[in-house]
Amino acid sequence: MRIGLFAASIVAAVAVGVAGWALWRPGPDIETMKARFARPEAPPFPSGNAFTPEKARLGKTLFFDPRLSGANDLACSGCHLPEKGWEDGRPTAVGAGGKAVGRHTPTLWNVAWGHTFFWDGRARSLEQQAAMPIEAPNEMNQPLAGLVAELRAVPGYRKAFAEAFPQAEEAVSADNLRKAIATFERTLVQPMTPFDRWVAGDAEAIGDSARRGFRLFNGKARCVECHGGWNFTNGAFHDIGLPATEDKGRGPVIDVAEVNNAFKAPTLRDVTRRAPYMHDGSLPTMEAVIAHYEGAFARRPTLSPDLEAIELSGREERDLIAFLKTLETPATARPSTAPELPE
1 MRIGLFAASI VAAVAVGVAG WALWRPGPDI ETMKARFARP EAPPFPSGNA FTPEKARLGK
61 TLFFDPRLSG ANDLACSGCH LPEKGWEDGR PTAVGAGGKA VGRHTPTLWN VAWGHTFFWD
121 GRARSLEQQA AMPIEAPNEM NQPLAGLVAE LRAVPGYRKA FAEAFPQAEE AVSADNLRKA
181 IATFERTLVQ PMTPFDRWVA GDAEAIGDSA RRGFRLFNGK ARCVECHGGW NFTNGAFHDI
241 GLPATEDKGR GPVIDVAEVN NAFKAPTLRD VTRRAPYMHD GSLPTMEAVI AHYEGAFARR
301 PTLSPDLEAI ELSGREERDL IAFLKTLETP ATARPSTAPE LPE
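In terms of the UniProt record's numbering, the sequence shown opens at residue 1 and continues consecutively.
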């Protein structure tokens with residue numbers, strides 16, 4: 001009997017020990033975590049729209065030209081400003097004639113690695129995405145057929161299109177316009193940040209507070225679950241409990257009500273320079289974002305099932321923000337000014 005009780009106590013002790021280890025075992029070491037965020041060497045380009053300098057140059061010119069809008073007064077760069085991390089700093093974008101777009105302008109950093117585009121993922125390629133704001137009545141309000149006719153009337157554009165698409169029988173076309181803009185957008189790769197230098201081996205690139213924040217990001221704060229990988233996004237769609245509106249996000253795009261209120265997880269690169277936050281621009285500061293995830297979200301059937309309230313101390317919040325600041329583009333590496341427009 002005593003032997004049986006002794007054996008049972010040993011089994012119980014082992015079980016408690018295993019359970020304790022499961023609860024308290026250390027996470028990945030810091031070098032393993034860092035390796036998950038290593039930058040790729042170069043942006044990918046699709047076989048049907050390979051990179052050429054001429055195509056990228058044309059795409060940049062088109063991107064900065066207000067003649068792409070119906071009233072000739074709004075360029076793509078009117079909402080995607082280089083100096084603002086390729087956003088505009090407004091809660092929600094303003095389109096043609098001052099019309100409300102209803103969503104926050106997303107950054108274009110690192111879109112070459114995306115698989116779907118816009119907050120609701122309605123575009124499956126950058127080529128498809130490139131024309132949608134141009135034709136949208138509340139954005140640039142310009143039918144592509146009319147735009148192509150306008151561009152063909154500009155000698156400088158005829159020359160630029162011919163150089164970018166030398167094999168085309170008619171170089172100035174809607175398809176080539178999409179390809180040129182998409183090519184330029186794929187070149188928008190965020191330069192090396194302090195975090196990238198730290199991952200690459202510069203031990204002094206970020207401070208102690210940011211290092212603690214990195215551990216929180218990958219652990220207690222659970223940010224990594226939606227914002228993992230070198231581009232700090234899993235590209236998936238989540239209902240994170242923002243106030244419900246008529247904008248149902250992903251659900252109507254794929255006609256699945258269960259993913260109503262779900263929007264794409266954005267990259268966190270340059271995030272501390274890109275307030276306000278969320279698809280509706282409703283959270284003005286990073287502190288407000290953290291407060292949201294600490295439990296200030298709406299509970300409803302479509303809420304992402306893995307979303308649980310986090311609990312951070314004041315110091316932990318500061319450390320997390322210190323880490324996110326290491327993802328800022330250095331001032332010396334920020335994009336240059338607009339190109340000269342053709343006549």
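Ideal Cβ positions, reconstructed from N, Cα and C, are used throughout, including at glycine.
* Check whether the Cβ atoms of Pro-335 and Lys-60 sit closer than 8 Å, and answer yes or no. => Reading the sequence shown from its first residue, position 335 is the one you call residue 335. Reading the sequence shown from its first residue, position 60 is the one you call residue 60. When the beta-carbon positions are compared, Pro-335 and Lys-60 stay at least 8 Å from each other.
* Excluding five sequence neighbours on each side, which residues of the same chain lie with their C-beta closer than 7 Å to the C-beta of Ile-206? -> Translated into positions along the sequence shown, residue 206 becomes position 206. The answer, listed in chain order, is Pro-194, Phe-195, Trp-198, Thr-326.
* Are the CB atoms of Phe-232 and Leu-268 nearer to each other than 8 Å? -> By 1-based counting over the sequence shown, the position of residue 232 is 232. By 1-based counting over the sequence shown, the position of residue 268 is 268. With contacts defined as CB atoms closer than 8 Å, Phe-232 and Leu-268 qualify as a contacting pair.
* Please check the pair Ala-288 and Asn-261, which I expect to be a contact at CB under 8 Å, by giving their CB distance rounded to whole angstroms. => Start at 1 with the first residue of the sequence shown, and residue 288 comes out as number 288. Start at 1 with the first residue of the sequence shown, and residue 261 comes out as number 261. Actually they do not touch by this definition, with Cβ atoms about 19 Å apart.
* Beta-carbon gap between Leu-324 and Thr-285 smaller than 8 Å -> Here residue 324 refers to the residue found at position 324 of the sequence shown. Here residue 285 refers to the residue found at position 285 of the sequence shown. Between Leu-324 and Thr-285, the gap from beta carbon to beta carbon reaches 8 Å or more.
* Short check: CB of Glu-150 to CB of Arg-67, under 8 Å? -> Residue mapping note: residue 150 aligns to position 150 of the sequence shown, counting from 1. Residue mapping note: residue 67 aligns to position 67 of the sequence shown, counting from 1. Taking 8 Å as the Cβ cut-off, Glu-150 and Arg-67 qualify as a contacting pair.
* Asked: For Gly-85, which residues of its own chain have a beta-carbon under 6 Å away from its beta-carbon, when the five flanking residues on both sides are left out?
  -> Position 85 of the sequence shown, counted from the start, is the residue given in the question as residue 85. So the list reads Thr-107, Asp-270, Arg-273, Arg-274, once near-sequence residues are dropped.
* So Phe-64 and Ser-47 are in contact, right, with Cβ under 8 Å, and what is the actual spacing, rounded? -> Here residue 64 is taken as the residue at index 64 of the sequence shown, counted from 1. Here residue 47 is taken as the residue at index 47 of the sequence shown, counted from 1. Not confirmed; about 27 Å, so no contact.
* Between Ala-96 and Asn-141, which are expected to be in contact by the criterion C-beta below 8 Å, what is the C-beta distance as a whole number of angstroms? -> Your numbering for residue 96 matches position 96 in the sequence shown. Your numbering for residue 141 matches position 141 in the sequence shown. Rounded, the Cβ-Cβ distance is 4 Å, consistent with contact.
* **C-alpha gap between Thr-337 and Ala-131, whole angstroms** => Position 337 of the sequence shown holds residue 337. Position 131 of the sequence shown holds residue 131. Roughly 23 Å between the two C-alpha positions.
* Simplified DSSP state of Pro-195, which is helix, strand or coil -> Here residue 195 corresponds to residue number 195 of the sequence shown, with the count starting at 1. A small fix is needed here, since residue 195 is Phe in this sequence, not Pro. The DSSP-derived three-state label of Phe-195 is helix.
* Could you pull out every unbroken alpha helix (DSSP H) segment of at least 4 residues lying fully inside the segment 128-215, listed in chain order? => Listed in chain order, the complete alpha helix (DSSP H) runs (minimum 4 residues) inside the segment 128-215 are 144-152, 155-164, 174-186, 194-199.
* To do: Quick one: give me the first and last residue of the alpha helix (DSSP H) that Tyr-293 is part of.
  => If you number the sequence shown from 1, residue 293 lands on position 293. Taken as a continuous stretch (DSSP letters only), the alpha helix (DSSP H) holding Tyr-293 covers 286-293.
* Asked: With DSSP run on the structure shown, which of helix, strand or coil describes residue 357?
  -> With the chain covering 1 to 343 only, the question about residue 357 has no answer from this structure.
* Mind checking Val-259: buried by the 16 CB within 10 Å criterion, or exposed? -> For this step, residue 259 is matched to residue 259 along the sequence shown. By the neighbour-count definition (other C-beta atoms within 10 Å, threshold 16), Val-259 is a buried residue.
* **Nonlocal neighbours in the same chain, by C-beta distance under 8 Å from Ala-13, ignoring five residues either side** => Taking the first residue of the sequence shown as position 1, residue 13 is located at position 13. Because Ala-13 sits at a pLDDT of 38, beneath the cut-off of 50, its placement in the model cannot be relied upon, and the following sentence gives the value as read from the coordinates. The beta carbon of Ala-13 lies closer than 8 Å to none in the same chain, with the five residues before and after it left out.
* Please look up how many angstroms separate the CB atoms of Glu-135 and Leu-144, rounded, as I've assumed it's under 8 Å. => As a position in the sequence shown, residue 135 is number 135, starting the count at 1. As a position in the sequence shown, residue 144 is number 144, starting the count at 1. Right, their Cβ atoms sit about 6 Å apart.
* Asked: Would Ala-164 be called buried (16 or more neighbouring beta carbons within 10 Å of its own) or exposed?
  -> Translated into positions along the sequence shown, residue 164 becomes position 164. By the 10 Å Cβ count, Ala-164 comes out buried.
* Is it right to say Pro-266 is buried, meaning 16 or more other beta carbons lie within 10 angstroms of its own, or is it exposed? -> Here residue 266 refers to the residue found at position 266 of the sequence shown. By the Cβ-count criterion, Pro-266 is buried, with 16 or more other Cβ atoms from all chains shown falling within 10 Å of its own Cβ.
* Beta-carbon proximity list for Leu-58, same chain, < 7 Å, skipping 5 on both sides -> Looking up residue 58 in the sequence shown gives position 58. Excluding residues up to 5 positions away in sequence, Ala-160, Phe-161, Ala-164, Ala-180 lie with their Cβ nearer than 7 Å to the Cβ of Leu-58 in the same chain.
* With a 10 Å radius around its C-beta and 16 neighbouring C-beta atoms as the bar for buried, classify Ala-210 as buried or exposed. => Within the sequence shown, the letter at position 210 stands for residue 210. Result: buried.
* Please report the Cβ distance between Asp-120 and Thr-105, rounded to the nearest whole angstrom; I am assuming they are in contact, meaning their Cβ atoms lie under 8 Å. => The count along the sequence shown starts at 1 and reaches residue 120 at position 120. The count along the sequence shown starts at 1 and reaches residue 105 at position 105. No, Asp-120 and Thr-105 are not in contact; Cβ-Cβ is about 14 Å, not under 8 Å.
* To do: My understanding is that Leu-341 touches Leu-177, with C-beta atoms under 8 Å, so please give their C-beta distance in whole angstroms.
  => Within the sequence shown, residue 341 is the residue found at index 341, counting from 1. Within the sequence shown, residue 177 is the residue found at index 177, counting from 1. About 15 Å separates the CB atoms of Leu-341 and Leu-177; that is not less than 8 Å, and the two are not in contact.
* **Spatial neighbours of Val-172 in its chain, beta-carbon cut-off 7 Å, leaving aside the 5 residues before and after** => Position 172 of the sequence shown, counting from 1, holds the residue named residue 172. Sequence-distant partners of Val-172 (beyond 5 residues in either direction) whose C-beta falls short of 7 Å from its own C-beta, in its chain, are Val-148, Leu-151, Arg-152, Tyr-157, Arg-158, Phe-161.
* Asked: Exposed or buried, which one is Thr-32 when buried takes at least 16 other CB atoms within 10 Å?
  -> What you label residue 32 is simply residue 32 of the sequence shown in a count that begins at 1. The residue in question, Thr-32, is exposed, as its Cβ has fewer than 16 Cβ neighbours within 10 Å.
* Exposure label - Pro-155; buried when at least 16 CB within 10 Å -> As a first step, residue 155 is located in the sequence shown; it is residue number 155 there, counting from the start. Residue environment: Pro-155 is assigned as exposed (fewer than 16 neighbouring CB atoms within 10 Å of its CB, all protein chains considered).
* With distances taken from CA atoms, which of Thr-187, Trp-230, Ala-333 is nearest Asn-49? -> If you number the sequence shown from 1, residue 49 lands on position 49. For the residues Thr-187, Trp-230, Ala-333, the minimum Cα distance to Asn-49 belongs to Thr-187.
* Residue ranges of each alpha helix (DSSP H) run of no fewer than 4 residues wholly in the segment 41-81, ordered along the chain? -> Assignment of alpha helix (DSSP H) within the segment 41-81, counting only whole runs of 4 or more residues, yields 53-63 in chain order.
* Asked: Going by the beta-carbon positions, is the gap between Lys-99 and Asn-138 smaller than 8 Å?
  -> Reading the sequence shown from its first residue, position 99 is the one you call residue 99. Reading the sequence shown from its first residue, position 138 is the one you call residue 138. Taking the C-beta atoms as reference points, Asn-138 is found nearer than 8 Å to Lys-99.
* With DSSP as the reference, label Gly-249 as helix, strand or coil. => Taking the sequence shown and counting its residues from 1, the one referred to as residue 249 is at position 249. Correct three-state label for Gly-249: strand.
* Asked: Taking the continuous alpha helix (DSSP H) assigned at Thr-116, which residues delimit it?
  -> As a position in the sequence shown, residue 116 is number 116, starting the count at 1. Secondary structure note for Thr-116: it is in no alpha helix (DSSP H), with a DSSP letter that is neither H nor E.
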